[in-house]
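Residues are numbered in my numbering as their position in the sequence shown, beginning at 1, plus a constant of 11. We treat Cβ as the ideally placed atom computed from N, Cα and C, and that holds for glycine. Small disclaimer: the values here were computed from a predicted structure and weren't measured.
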Amino acid sequence: MYELPKRPAVDTRRLLLESEWPLKICAPMVRFSKLPFRMLVRKYGCDVTYTSMIMSDSFRASAAKRSHEFITCQDEKGPVITQFAANTVDDFVQASQLVVGYCDGVDLNCGCPQRWAMHDGYGASLLYSPRKIFEIVRQFNNQVQHESAFTISVKLRLLDNLSETIDLYRQIESCGVSFIGIHSRTHKMRSEPAEHDQLAEIVKSLQVPVIANGDCFNLNDYHKIADLTKAKGIMSARGLLENPALFAGYENTPLCCIEDFLTLCIKYGFNFVSFKKLFYWMIERNCSKSERLNILACQSMSQFMDYFKDNFNSDFGK
Ligand SMILES: Cc1cc2nc3c(=O)[nH]c(=O)nc-3n(C[C@H](O)[C@H](O)[C@H](O)COP(=O)(O)O)c2cc1C
């Protein structure tokens with residue numbers, strides 16, 4: 012990314028506040044929220060995209076990590092938010108400084124529930140050491156040189172108790188965060204339904220714009236969550252993996268979207284194992300299990316392309 016000229020940031024906070032409808036947002040997703048996928052979902056109706064979670068300590072320390080972990084291009088439209096995992100103020104601040112001018116904001120991951128994250132003081136474990144969150148937001152605002160349009164946000168989960176959750180979020184708000192994203196589950200919840208009722212209460216209690224996340228699988232869900240919570244943005248993760256065109260109103264991934272995905276992956280590159288998984292999910296509702304397993308069995312992109320040309324009714328690459 013560092014070969015690119017720096018560019019002015021698009022102000023996500025302003026967009027959230029001024030848009031007539033809640034912004035449609037693609038969640039950060041490890042392995043998948045890479046340049047081709049971000050460009051794909053944007054083509055199909057997303058207003059804001061996030062990068063995958065990036066470890067701020069190695070990003071800060073290693074140029075090789077930086078060129079591997081954060082790839083953008085001149086054709087990628089903002090807002091793009093870079094999400095960092097951090098367990099120290101310095102790592103977050105230094106890593107953030109390195110992406111100013113190449114994206115539109117940074118986000119602190121306070122939601123990852125995985126065992127390594129909880130053990131090492133990253134992700135959702137920060138919810139239980141909130142002073143670190145406060146300090147990270149404050150020191151970002153004090154130390155990182157950025158224009159006012161460049162945002163600092165935090166992606167959080169719920170605590171067990173709603174009034175404690177609201178109290179925590181208010182304190183984060185008072186540290187100068189631009190907006191917050193809320194995955195409305197606690198760190199212990201897995202496939203239980205997201206707690207959108209709690210979100211509605213939270214939105215009423217905060218001044219900063221809130222992005223609602225959890226269980227948005229189609230445009231109907233988008234409208235339901237928007238009506239119930241009054242959030243300024245609706246974020247989808249698994250829904251967009253299954254159907255990157257969901258915000259454009261498609262019920263299932265249309266063939267044109269699959270073809271666009273192939274074009275973008277060929278142009279910008281995508282890890283082949285992740286590519287196959289993503290492809291598998293995208294066609295899950297349209298293809299039989301055996302067809303999908305055939306995709307997973309492909310050993311290379313050229314083998315995949317041969318399978319695709321023979322089995323999908325597409326002119327792509329012909
Ligand atoms: C494959 C995958 C990778 C994810 N990676 C991240 C990540 O890097 N950072 C993050 O904050 N959340 C991550 N999440 C959580 C999602 O951003 C989101 O909060 C969660 O899936 C709930 O949204 P959903 O109900 O729309 O899936 C990931 C989720 C999935 C399914």
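Where V110 sits in the DSSP three-state scheme: It is helical.
Candidates D178, L119 and Y139: closest to E212 by CA position: Comparing Cα positions, the closest option is D178.
Nonlocal neighbours in the same chain, by C-beta distance under 7 Å from V41, ignoring five residues either side: Hits under 7 Å: S63 and M64.
Environment of C84 [buried if 16+ CB atoms lie within 10 Å]: C84 should be labelled exposed.
Whole-number beta carbon distance between E158 and V100, since they are thought to touch under 8 Å: So it is not a contact: roughly 22 Å between Cβ atoms.
Opposing strand residues paired with D118 [DSSP bridges]: Beta-bridge partners of D118 (DSSP): Q94 and S164.
Alpha-carbon spacing of D118 relative to F151, whole angstroms: Going from the Cα of D118 to the Cα of F151 covers about 11 Å.
Per-residue DSSP class, three states only, for A248: In the structure shown, A248 sits in coil (DSSP, three-state: anything other than H, G, I, E or B).
Nearest-angstrom Cα separation, counted from Q182 out to F315: Taking the straight line joining both Cα atoms gives about 50 Å.
At least 3 beta-carbon pairs within less than 8 Å: the region 14-25 vs the region 225-239: The region 14-25 vs the region 225-239: no contact.
Any chain C beta carbon closer than 8 Å to S285: The question asks about chain C, but that chain is absent: this structure has only one protein chain.
Anticipated Cβ contact below 8 Å, G250 with L257, distance rounded: At roughly 5 Å, the Cβ-Cβ gap stays under 8 Å, so G250 and L257 are in contact.
Beta bridge counterpart(s) of C37 as assigned by DSSP: Answer is T60 and S247.
Cβ-based neighbour list, G122, same chain, cut-off 7 Å, excluding 5 preceding and 5 following: Counting only Cβ-Cβ distances below 7 Å, and skipping sequence neighbours, we find G134, A135, K166, L167, R168 and H194.
Range of the contiguous beta strand (DSSP E) that encloses F258: Counting along the chain, F258 falls outside any beta strand (DSSP E), and DSSP gives it neither H nor E.
Between the CA atoms of T23 and P33 - distance to the nearest angstrom: So the alpha carbons of these two residues sit roughly 12 Å apart.
Nearest-angstrom Cα separation, counted from N324 out to S301: About 17 Å.
Helix, strand or coil at V21 according to DSSP, with G and I counted as helix: For V21, the three-state secondary structure derived from DSSP is coil.
Residues that L169 bridges to, as DSSP identifies them: Per DSSP, the beta-bridge partners of L169 are T197.
Contacting residues, own chain, Cβ-Cβ under 6 Å from R71 (five flanking each side not counted): Result list for R71: D102, Q105 and A106, in chain order.
G192 in three-state terms, based on DSSP: G192: strand per DSSP, three-state reduction.
Burial state of A248, where buried means 16 or more other Cβ atoms lie within 10 Å: Classification of A248: buried, given that the 10 Å Cβ count is 16 or more.
Simplified DSSP state of M12, which is helix, strand or coil: Coil, per DSSP.
beta-carbon C123 near ligand 1 non-hydrogen atom, thresh 7 Å: For ligand 1, at least one heavy atom lies less than 7 Å from the Cβ of C123.
Helix, strand or coil at N153 [DSSP, three-state]: It is helical.
For N324, three-class secondary structure by DSSP: In this structure, N324 counts as coil in the three-state DSSP scheme.
Buried or exposed by the 16-neighbour rule on C-beta atoms within 10 Å, applied to H79: With fewer than 16 Cβ atoms within 10 Å of its Cβ, H79 is classed as exposed.
Start and end residues, beta strand (DSSP E) containing V219: For V219, there is no enclosing beta strand (DSSP E), as DSSP marks it with neither H nor E.
Contact test: P19 Cβ vs ligand 1 heavy atom, cutoff 7 Å: Relative to the non-hydrogen atoms of ligand 1, the Cβ of P19 never comes closer than 7 Å to any of them.
Rounded straight-line distance, which links the Cα of G225 to that of E206: If you draw a straight line from the Cα of E206 to the Cα of G225, it is about 8 Å long.
Inter-residue spacing [alpha-carbon to alpha-carbon] between L51 and T197: Rounded to whole angstroms, the separation of the alpha carbons of T197 and L51 is 30 Å.
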